[in-house]
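Student: Just so you know, the sequences run in chain order F and U.
Our numbering applies: residue 900 is where the first sequence begins, and numbers increase by one.
Our numbering applies: residue 392 is where the second sequence begins, and numbers increase by one.
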Amino acid sequence: MFVTSPMKRLAFKGQGGDLFIVLLVNMLLTFITLGLYYPWAKARKLSWYYEHTELDGHPFHFHGKGEEMFKGFIKAIALLLLIYGTYAYGVYAKDVTITVIGLLVMVVGLLLFIPLVIHGSFRYRSSRSSWRGVHFGYHGKLNELYSMCLRDGLLTVITFGIYGAWFTINLRNYTLSNLRYGSSSFQYKGDGMDYFLMNLKGYFLTLFTLGIYGFWWQRDLFNYYVDNLSWNFQDGRKLQFKSTATGGGFFGLLVVNVLIVIFTLGIGFAWAEVRTMRFVLDNITLIGDADLNAVVQTEQEHKDAMADDLGDLMDIGVFF
Amino acid sequence: MEREVQAIYYDGATSKPQEAVVRVSDMNSLEVQLPNGDRFQWPLEHHGMEWERSSSLLRLSFGEHPRRVLLIRDEPFIKSFALRMRYTGRQGAYDRILGFARSGPVLFFLAVIALLVCAYVWILPWTAERLAMVVPQEVDERIGETAYQQMAFALEEDADRTKLLQEFGDQLELSPSYSPKYHVVKDEQVNAFALPGGHIVVFTGILERMDSSDELAALLAHEATHVEERHSTRMMARSMAGYLFLSLLIGDVNAVVAVVAENANALRNLDYGRGLESEADGEGQERLLANGVDPMAMVKLLELLEREAIDMPEQLAFLSSHPLTEQRIDNAKANAQELGTPAAPNTALEPIFQRLVPSAQTTEATPSSFN
Chain F
900 MFVTSPMKRL
910 AFKGQGGDLF
920 IVLLVNMLLT
930 FITLGLYYPW
940 AKARKLSWYY
950 EHTELDGHPF
960 HFHGKGEEMF
970 KGFIKAIALL
980 LLIYGTYAYG
990 VYAKDVTITV
1000 IGLLVMVVGL
1010 LLFIPLVIHG
1020 SFRYRSSRSS
1030 WRGVHFGYHG
1040 KLNELYSMCL
1050 RDGLLTVITF
1060 GIYGAWFTIN
1070 LRNYTLSNLR
1080 YGSSSFQYKG
1090 DGMDYFLMNL
1100 KGYFLTLFTL
1110 GIYGFWWQRD
1120 LFNYYVDNLS
1130 WNFQDGRKLQ
1140 FKSTATGGGF
1150 FGLLVVNVLI
1160 VIFTLGIGFA
1170 WAEVRTMRFV
1180 LDNITLIGDA
1190 DLNAVVQTEQ
1200 EHKDAMADDL
1210 GDLMDIGVFF
Chain U
392 MEREVQAIYY
402 DGATSKPQEA
412 VVRVSDMNSL
422 EVQLPNGDRF
432 QWPLEHHGME
442 WERSSSLLRL
452 SFGEHPRRVL
462 LIRDEPFIKS
472 FALRMRYTGR
482 QGAYDRILGF
492 ARSGPVLFFL
502 AVIALLVCAY
512 VWILPWTAER
522 LAMVVPQEVD
532 ERIGETAYQQ
542 MAFALEEDAD
552 RTKLLQEFGD
562 QLELSPSYSP
572 KYHVVKDEQV
582 NAFALPGGHI
592 VVFTGILERM
602 DSSDELAALL
612 AHEATHVEER
622 HSTRMMARSM
632 AGYLFLSLLI
642 GDVNAVVAVV
652 AENANALRNL
662 DYGRGLESEA
672 DGEGQERLLA
682 NGVDPMAMVK
692 LLELLEREAI
702 DMPEQLAFLS
712 SHPLTEQRID
722 NAKANAQELG
732 TPAAPNTALE
742 PIFQRLVPSA
752 QTTEATPSSF
762 N
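1) Exposed or buried, which one is Phe1132 of chain F when buried takes at least 16 other CB atoms within 10 Å?
2) Helix, strand or coil: how does DSSP classify Lys572 of chain U here?
3) In this structure, does DSSP put Pro686 of chain U in helix, strand or coil?
4) Please go through the same chain and pick out, in chain order, the residues whose beta-carbon is closer than 6 Å to the beta-carbon of Glu950 of chain F, but skip the five residues on each side of it.
5) What do you get for Lys907 of chain F, buried or exposed, if any count of 16 or more other CB atoms within 10 angstroms of its CB means buried?
6) How about Trp939 of chain F and Gly913 of chain F: do their beta carbons lie closer than 8 Å?
7) For the segment 405-424 of chain U, list every residue whose C-beta sits within 9 Å of some C-beta in chain F, in sequence order.
8) Using beta carbons (cut-off 8 Å, strictly below), is Val1280 of chain F in contact with chain U?
9) Give me the Cβ distance between Leu451 of chain U and Leu461 of chain U, rounded to the nearest whole Å; I'm assuming they're in contact under 8 Å.
10) What does the Cβ neighbour count give for Ala632 of chain U, buried or exposed, with the cut at 16 atoms within 10 Å?
11) For a contact defined as C-beta to C-beta under 8 Å, what are the partners of Trp947 of chain F on chain U?
12) Ser471 of chain U to Trp442 of chain U, Cα distance in whole Å?
13) Report the residue ranges of all beta strand (DSSP E) runs contained in full by the segment 1091-1178 of chain F; include only those spanning at least 3 residues, in chain order.
14) So is Glu729 of chain U buried or exposed if we call it buried at 16+ other beta carbons inside 10 Å?
15) Between the segment 497-518 of chain U and chain A, which residues of the former have a C-beta closer than 8 Å to a C-beta of the latter?
16) Can you tell which of U:Val748, U:Ser638, U:Ile597 and U:Arg481 has the C-alpha that lies nearest to the C-alpha of Arg698 of chain U?
17) Looking at chain F, is there any beta carbon in it that lies within less than 8 Å of the beta carbon of Ala352 of chain U?
18) Could you please tell me which residues of the segment 432-458 of chain U, in chain order, have their CB closer than 8 Å to any CB of chain F?
19) State the beta-bridge partners of Lys907 of chain F as determined by DSSP.
20) Taking one C-beta from the segment 552-564 of chain U and one from the segment 572-585 of chain U each time, how about it: are there three or more such pairs within less than 8 Å?
21) Give me the residue from U:Ala502, U:Ala585 and U:Gly495 with the minimum Cα distance to Ala538 of chain U.
22) Identify which residue in F:Ile920, F:Gly1001 and F:Leu1015 has its Cα closest to the Cα of Arg943 of chain F.
23) Can you tell me whether Phe431 of chain U is helix, strand or coil according to DSSP?
24) Quick one, which of F:Val1056, F:Tyr991 and F:Tyr1094 has its alpha-carbon nearest Arg1071 of chain F's?
25) With 16 other CB atoms within 10 Å as the buried threshold, where does Val512 of chain U fall?
26) Helix or strand or just coil, what does DSSP make of Ala735 of chain U?
27) Residues of chain F with CB closer than 9 Å to the CB of Val460 of chain U, please, in chain order.
28) Of all the CB atoms in chain F, is at least one closer than 8 Å to the CB of Ala492 of chain U?
29) Given a cut-off of 8 Å, decide if Gln397 of chain U and Val412 of chain U are closer than it, judged by their beta-carbon atoms.
30) When the distance is taken between beta carbons, is Phe1066 of chain F closer than 8 Å to Ser1076 of chain F?
31) Measure the C-alpha to C-alpha separation of Phe911 of chain F and Trp1030 of chain F and round it to an integer number of angstroms.
32) Does the beta carbon of Ile1061 of chain F sit closer than 8 Å to a beta carbon anywhere in chain U?
33) Do Tyr1037 of chain F and Pro1014 of chain F come within 8 Å of each other at the CB atom, strictly closer than that value?
34) Runs of 4 residues minimum, wholly inside the segment 611-642 of chain U: which ones carry the alpha helix (DSSP H) assignment?
35) Going by alpha carbons, who is nearest to Ser669 of chain U out of U:Asn722, U:Leu546 and U:His456?
36) Tell me whether Ala609 of chain U is buried or exposed, calling it buried when 16 or more other Cβ atoms sit within 10 Å of its Cβ.
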């Protein structure tokens, strides 16, 4: 039967060859449909990753469907066309006023989209993810995210980017702490100053060691992400995420991945991806006495994928 | 009657997994038995019943949100289940394609590569040409106009000679669809270029190295062919189509592939560009003949360019259209012989040329090109 042990493990069970086939089929179908298959391809790829990711021996599941992602895709494209269109029309018609308005709309519009993309992506992705039949959810508020992004964005500009470290951590604290899994919830407790000092140290040591320290900097970033995350259950018990990644581990992972990709002219991409997933998941453990069986389904479905697709089109990676 | 297999059951209410025993009954439904003795059936034909399989896992789900889920890892069961769904028409196209690809991955990979190569070599150029034809002439003119106005700041135009060159060009009918606007720009480069829609720019560097009016006529005929045949639009359509092709492919793949692929595409466009240069020579010669100029003038022009281009570094030769000049000269000669000489030579050109280039003499060589 299913007994609870004090330590839970994540694992990745996918094979490079199988991912390669999935990506190849995606590529073929995207190609022969002149790109229209893209949302379905994305859903298939995510499904594959989720299905091969296991926590405590049980796989995750991605519920997103190509159809709903296609609707989001169309909406996102229409929105971007509208934004870029004003500027393009201004240039085409040689109308300076329209061009300037278009340029402003473009810059301001795209900036204003960022919180929307983060919020919408979190809502959509979490709602369409489940583990053991229980769905995840996101309870963050769009207006709160906006005011935070506006404030921290301004501070980052005023401080010439230094405040960016605090911005990143505030964003992480807010989004991850609003993540739910059924009746349980997650919490991220990062500190802007710690994060800033870590990056400062990483930057200079990487510079002085001609890049070698970069792998250890990478480890610090990864550990900071993982070690500050916890999972809280309704009975007050919790699981603490703990990283076991080392700088040497990152060194082996990244160097070999680069070699694989270069020497196979990119064909080995899928195998490199699988190595990364294995490394990441093998190096995360969850420590605590919480009962993973006791979570109750609470979340509603949220099927609007527009923000998620918008993020793709704008090249904003909300998820790793 | 099918055999029973072990499954994991999630009831959708809590995160507690249960061990279930599952079998497909004669009634074409799934019989599930839970450890607490509960039994229920999922009719396989039911619209609320969904199935998905990955390489080693069958996932069945049933009902409205929150759905109830069964996971089965028994391979023979998964195979026979997929087969059953195929016979009842409930296997999706995707599952079928993926199943096919998984059964012979190497063959599938080679087939996809072959298909892509064919598409790139044959379908892509064809599509690009059609695409270019759809673009209205007006767009060419607008693009050319905008580009010229942006360039004009950097170019030092010789107003008097521009007027003369326009007069010279107006004697010839080189581009019936557009009305070419000629410009003379003070620049030592042995160069000339045409923008889509009709702006043709000739540098004083090339003008001053000319000996006679027919060379200038040949140059204008060459450039006007670029305009008339919309070579820039076609180039743009081609590189856009190539770019689209690549982005379709590498949407999923990484940077190394992207770099390799884009450079390959750029090289191919260069080759296409060379083809267009030859086309401009050949059709330019036909235009010369129609305007009472000996098509051999194109040969003289190309020889002039070859003489002036001796400084071109050897390394660049591979990438430029220059080393093909000899081949272009040969082609132009053959073409001129085939076309013959004009019945009534155009006598209006030489006087204008004399005013345009009062000192028809050669100076020292500088790198040259014209495209």
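Each residue gets a CB set at the ideal place from its N, CA and C atoms; glycine is no exception.
Tutor: Looking at the atomic coordinates:
1) buried
2) strand
3) coil
4) Pro958
5) buried
6) no
7) Thr405, Ser406, Lys407, Pro408, Gln409 and Glu410
8) Look at the range of chain F in this structure, 900 to 1219, and you will see that residue 1280 of chain F is not part of it.
9) 4 Å
10) buried
11) Ser445
12) 13 Å
13) 1128-1131 and 1137-1142
14) exposed
15) Within the model displayed, chain A is absent; protein chains F and U are what it includes.
16) U:Ile597
17) One cannot answer for residue 352 of chain U here, as it falls past the ends of chain U, which runs 392 to 762.
18) Glu443, Ser445, Ser446, Leu448, Arg450, His456, Pro457 and Arg458
19) F:Leu1185
20) yes
21) U:Ala585
22) F:Ile920
23) strand
24) F:Tyr1094
25) exposed
26) coil
27) His960, Ser1029, Arg1031 and Gly1032
28) yes
29) yes
30) no
31) 14 Å
32) no
33) no
34) 622-641
35) U:Asn722
36) buried
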